[in-house]
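Protein chains in written order, with my numbering: chain A, 1 to 187; chain B, 1001 to 1147.
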Amino acid sequence: MAADSAKDCLTADEFRAAWLALSVADLERLRRYSIRLVGSEAAATLRQEALYKALSGERQCKRDGHVVQFLAGAMRSLAWSARNSAKRRPTVELEVVGPSIVEQDSGGDPHQQLEQAQECELIRQKVLALFDDDPVAQVLVEGIMEDMEGQELCELAGIDTEQLATKRKLIRRRIDRAFPRGWHHDS
Amino acid sequence: MTAKPTTDEKLLRLADALFEELLATPDTELLAELEQCGLTVTDVEAQAAADLDAALARIGKTKLLAAQEAVAREPRRSRRSRPTNMASARKRLTQAFSSGDGAKARMTLAARLGQDMPDEDIEGLIDDAADLGIDLGETSEDPSDSG
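And the structure:
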C-alpha cells in the first residue's frame, strides 16, 4: 500500500537531518565511491544528483535503511544508467552540466564504443599489474571482477576469512593510491 | 545463459568491493588515510556542505520552474472590474479623483481621464483601486450609461 510505504520511508526533512548527522568518515566513504564511479571531475555532480533525488522525494530512503548505503546505491544507479544510455547510443557521452549529469550527443563516432571497451581493458590490466608482486591479491582482484565474494574468494585464493580481510584492505589502498581520481585518471 | 560481463562491469564490481571495504574500515583509520591524501576533515565537511547546498538550490529552482509553468498554464488573471462602458468608467474615476482631500492635486489626472487616457489605463486604475479596497466597478444604475 502506498501510504504504508511512504510511512516506512524518511521524509525529506528527516533525510536531510540524517545526512547532516553523518560522520566525516561516512562522508569520505561516499566521496571516494563517487570518484570511483564517475571520476573526480563528475564526482561532486553525482553526489549532488543523488542528494537531490533523496531530498526531492524522487528516491526514498527506508526508515530502517542506512543513509550511506542508500546514497551509494543511488549514485551507482545514476552512474550506471548514464553508462547504459551512452551504450545504447554510441555517440553519447557523460557530461557534467551544472548540477545534473546529462548525456551529451558528441556528434557520432561508431568507433567510440570500441575505444571505450579497449580503454576499460587497459585499466583492468593496469589494476592487475599493481599486484604483480602479490599473486594472492591479484587472483582476488580477478575473482572480485568475476563477481565472487566471501567464501568463494577464500577458496579461490586458498586463504581464510581473516587473510581475505587483510588482502582486501591492501587491494583497496593500493588501488586508491594508483587511481586517486578514478579509473580513467591513474596517477 | 548469463551474458559474459563486459570490462566496465568488472570495474564496477571492483568499485563496489572497494566501497564495501571502505565501509568495513574503522573511522579512525579512514581519517588517518585522509591526511595521507592531503585532505583535512574541514575539506570533506566543506565538500559535503557544498553538495547539500547544490542539491537544495536545484530543488528550489525546480519548484520555481514548476510554479512558473503553473502560472503560465493558467489563463491570465481576469480583471475584477473590467468596465463594459468606458465612458461610464471614465466618469466614475473622474468623480473619485475629484472628491475628498487632496482632490485639487489630483485634478490633472482627473482632467485627463475624460480626454486622452487609453482604455487599458482606465482598466488598470480600476484594478489598482480594487487592490486598495476601493470599488469602482460597474454600477447597475448609471443613467449616463444608457447611450
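Built from N, CA and C at the ideal position, the CB exists for glycine as well.
- Residue state for Lys-1004(B) is assigned as coil, using DSSP reduced to three classes.
- The Cβ atoms of Ala-79(A) and Leu-27(A) lie no closer than 8 Å to each other.
- The residue from Glu-1069(B), Arg-1073(B), Pro-1118(B) and Lys-1061(B) with its alpha-carbon nearest to that of Met-1086(B) is Pro-1118(B).
- Following the DSSP letters along the chain, one finds Pro-135(A) inside the alpha helix (DSSP H) bounded by residues 135 to 145.
- Each residue's CA atom was taken as its position, placing Asp-1128(B) and Lys-1063(B) some 29 Å apart.
- Relative to the Cα of Leu-1039(B), the nearest Cα in the group Val-24(A), Ala-129(A) and Arg-124(A) belongs to Val-24(A).
- Not flagged as an interface residue toward chain A: Glu-1035(B), since no C-beta distance is shorter than 8 Å.
- Just measuring C-alpha positions, the residue of Ile-35(A), Ala-165(A), Ala-18(A) and Gln-48(A) sitting nearest Lys-62(A) is Ala-18(A).
- Taking CB atoms only, Gln-113(A) has no neighbour in chain B less than 8 Å away.
- Taking 8 Å as the cut-off, the beta carbon of Glu-1021(B) is found closer than this to the beta carbon of Lys-169(A).
- The Cβ atoms of Leu-51(A) and Leu-1052(B) sit closer than 8 Å to each other.
- Runs of the alpha helix (DSSP H) lying entirely within the stretch 11 to 37 of chain A and spanning at least 4 residues, in chain order: 12 to 20.
- According to DSSP, residue pairing for Lys-62(A) in a beta bridge involves Cys-9(A).
- Interface with chain A (8 Å Cβ-Cβ cutoff): Leu-1014(B) is included.
- Asn-84(A) carries a helical assignment under DSSP once its states are collapsed to helix, strand and coil.
- Using a Cβ-Cβ cut-off of 8 Å, Ala-25(A) counts as an interface residue toward chain B, since at least one Cβ of chain B sits closer than that to its own.
- Closest option to Lys-167(A), judged by alpha-carbon separation, among Gly-73(A), Ala-6(A) and Phe-131(A): Phe-131(A).
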